[in-house]
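Heads up: the sequence shown at position 628 corresponds to 628 in full-length UniProt numbering, and the numbers run straight through without jumps. Don't be surprised by glycine CBs; every beta carbon is placed ideally from N, CA and C. Everything numeric in this text was worked out from a predicted model, so none of it was measured. Accompanying notes for the structure given below.
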Amino acid sequence: MLSPALLLLASVASEDPIERIAVQGQYRSVYVNEAPTSVSVLTSDVIGQRHGTHMEEVLNIIPNLNFSSGSSRARFLQIRGIGERSQFVDPINPSVGILIDGINYSGLGQAAQLFDISQVEVYRGPQSGRFGADGMAGMLVLESTQAGTQFDGFWQLGAANYGAVEGGFAAGGELGVLGRARLSVYQQADDGFTENTYLQRDDTQSRSERIARFNLWTELADTWQLRSTAHLYRQDNGYDAFSLDNTRQTLSDEPGQDDATMKAARMALSYTGADTHETVLSYSIMSADTVYSYDEDWSYVGIAPGWEYSSTDAYWRDRQDQTFEARWLSTQPATMFGVPTDWVVGWYYLDRTENLKREFMNWDTYMDDMFVSDYASKRNALYAEVTQNLSEQWQLITGLRLERYRNAYQDSNAVAVNPKDTMVGGRISLNYKPALGHMAYITWSRGYKTGGVNAEALGKATDNPELEEFLLQRSSFAPEYLTSLEAGYKYINADDTLSLNVALFAQNRDDVQLKSWINRAQTFIGYIENAAGGKVQGLEAELNLKLTPQLSWFTNVGLLDTKIEGFVTEDGVDMEGRDQAQAPNYQVNTGIHWQFNNDISATVQIDSKDSFYFSDSHNSQSDAFSLLHASLQWQLNAWHIKLWGRNLTNEDYATRGFYFGNDPRDEYQPTTYVQWGEPRRVGITFNYAM
């Protein structure tokens, strides 16, 4: 039951109610407080309160969502302690996927720019029944602002410390017979947050990012609708994040790059002329050319004569995706077992190729070397879901997805493999709505992700006789499965001044795919191994309360308890019972929003996160931290002015960590090295409504 004090406070704050938000990531649009899953939604207002320009700047708002860097922008996400942390040689399948306007950007988190994004939906727990192999642990769904029938738009200019500047515009409206259209264009640049003392530069981690999105909604006929989408993203970023001294002052003489060019398009055609169902056909293409390189020794020639080494590592990737989906949704309930039933059936196809060229120092030959690989993955999936209204209060949802993958891999080390398998996922959810605004649910769900090959390990096996047997035994890895039992309660009062979402969950991981490393001198060999299992349990809670007509309070809490089962590292460390990597025991975001009058508002909020392990193959941890953010906004006719600050107390906190020896000055003693998160940022932004 809800606290009487909360109900009393909510009853006296009836002006400007809490917004009821519809989510688009389900098969059908539903309100977030009616979705039988743990889902958080960040609206454009929430994003703007901390001036989030990229997903990594707002992720700490979301309970039990973490991220890892090791790059200029966070690419990989972890939900409830499950998710990848990096990609080097081998192809990967992310546990947490990303959809932007219906286009699959999984594994390409740098594309998650937030300019003119209307909302971000974060689904926690297995989502494979809906999204397939990219949604084993969860899914992020980003939707651009929709165009209205009347012309509207805005210009935006801003500046901040660390040499940051930004500019963009968004505009949309009716285009006659073409329909409703919206175009957004945005660019931002900064010097980054490191100083290279050897090169005497402060821009070796600089960022320059540009994005354009276009959406067109066309009524082809009374019963035919078409949505056309086009994206263009360009990133020219430096990468110089790690320091031998674990400071923001680096010593590298050959700083790296973190560049990307992405182009994507999608068309979704809907037909509503049938009496009993709607047909949706969609096709998308996406290309991503990326360059990721770094100074491997993090230093310069002459730092420690006789002990030093000097090398770089560079990865050029070309990824091409094509997807096709056919979906049929009922528009009139059918009768199944005497119960009114809504249904969805569909077919999904993905064709992905990924070509890699790597230039590196081969420490087996002590010569510069080049490695190339070609990877092709094809996935076919059939899915179905039925929603049965058992009574006015009770509802049963049953969904199933059958997915078959076939991967083809070959490389310049003469490795050629073709792993394939069939995976099954889905959900069963029983929902109860005892009264208006109340909902309780219990959901069983199963997620999955594809298996693969440890090509780097296979290629190194014959070059390392003492490791050959160990590596050959780990030549491939099987699909991983995640089974979850979740119980939740959602409430929003009649005045829309109090909302509460709570979820309790217990998850079981089978054939857990854990990333491990072998370190011999300057040689690093990465591989994925199936551990016996893993346990995950915890809680997520989100509270929004209007204390007065002017003052709102929000709190988001995530609690997490994870365990590794049956995993021993190559050097003999037994990880049985240890917390999983990137799985802090608690995460909290809390704050207040004060609407002083119709024109002026302010927001103050705090993020707190527990310490967590950086990896499953070593025991180095981050420190717990708390970050303070604030913004002051002023509306003056068509002008909107915002003063904003993030991490106002200038806390140092780690977003990636490694454990090995890399400092020749101490003869390569094993050390925990970290990449630091964003320091204190302050800035001003001007918006002009057109």
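| query | result |
| --- | --- |
| Element boundaries [alpha helix (DSSP H), containing G48] | 44 to 49 |
| Backbone secondary structure at V177 - three-state DSSP | helix |
| Supposed contact pair V46 and V32 - C-beta distance, whole angstroms, cut 8 angstroms | About 13 angstroms separates the two Cβ atoms, so there is no contact after all. |
| Identified DSSP bridge partners for H629 | Q605 |
| Exposed unless 16 or more other CB atoms sit within 10 angstroms - verdict on Q473 | exposed |
| Residues bridged to Y383 (per DSSP) | G346, R401 |
| Residue burial classification, Y448 (beta-carbon count within 10 angstroms, cutoff 16) | buried |
| Three-state secondary structure assigned by DSSP to A455 | helix |
| Coarse secondary structure for K433, derived from DSSP in three states | coil |
| Beta-carbon gap between D191 and Y162 smaller than 7 angstroms | yes |
| Top-ranked residue by Cα proximity to D610, from F625, S601, E325 | F625 |
| Three-pair Cβ contact test at 8 angstroms for the region 241 to 251 versus the region 277 to 285 | no |
| For G558, three-class secondary structure by DSSP | strand |
| Where A5 sits in the DSSP three-state scheme | A caution first: A5 carries a pLDDT of 48, below 50, which makes its placement in the model unreliable, though a value can still be read off. Note: A5 maps to helix in three-state DSSP. |
| T685 beta carbon less than 7 angstroms from that of G158 | yes |
| Stretch-stretch touch, CB-based, cutoff 8 angstroms, three pairs: the region 526 to 542 with the region 561 to 577 | yes |
| Within 7 angstroms, strictly: CB atoms of R317 and T353 | no |
| Best match in V301, Q395, L648 for proximity to G683 [C-alpha to C-alpha] | L648 |
| Under the three-state DSSP convention, the category Q513 falls into | strand |
| Option in N215, E325, Q332, D202 with minimal Cα separation from A274 | Q332 |
| C-beta atoms of A638 and Y688 nearer than 7 angstroms | yes |
| Endpoints, the beta strand (DSSP E) within which S128 is located | Segment 128 to 131 is the alpha helix (DSSP H) holding S128; no beta strand (DSSP E) there. |
| Contacting residues, own chain, Cβ-Cβ under 7 angstroms from V512 (five flanking each side not counted) | E480, N530, A531, G533, G534 |
| Runs of beta strand (DSSP E) wholly within the region 231 to 272 (minimum 3 residues, chain order) | 256 to 271 |
| Buried or exposed (CB count within 10 angstroms, at least 16 for buried), D574 | exposed |
| Within 7 angstroms, strictly: CB atoms of D571 and N589 | no |
| Per DSSP, cross-strand counterpart(s) of L504 | A487, L539 |
| Cα-Cα separation, T443 to A487 | 6 angstroms |
| Selected residue, minimal CA-CA separation from N93, among A212, R28, A506, G451 | G451 |
| Distance, D666 Cα to I303 Cα | 11 angstroms |
| Cut-off 7 angstroms between Cβ atoms - residues of its own chain near D313, not counting five sequence neighbours on either side | S293, Y294, E296, F360 |
| Residue range of the beta strand (DSSP E) that includes V209 | Residue 209 is actually Glu in this sequence, not Val. Residues 207 to 221. |
| Cβ-based neighbour list, A197, same chain, cut-off 6 angstroms, excluding 5 preceding and 5 following | Looking at the sequence provided, one finds Thr at residue 197 rather than Ala. Q249, listed in sequence order. |
| Helix, strand or coil at L226 [DSSP, three-state] | strand |
| Residue nearest to W634 in terms of C-alpha spacing, selected from P664, T603, Y659, A408 | T603 |
| Where the beta strand (DSSP E) containing L472 begins and where it ends | Segment 468 to 472 is the alpha helix (DSSP H) holding L472; no beta strand (DSSP E) there. |
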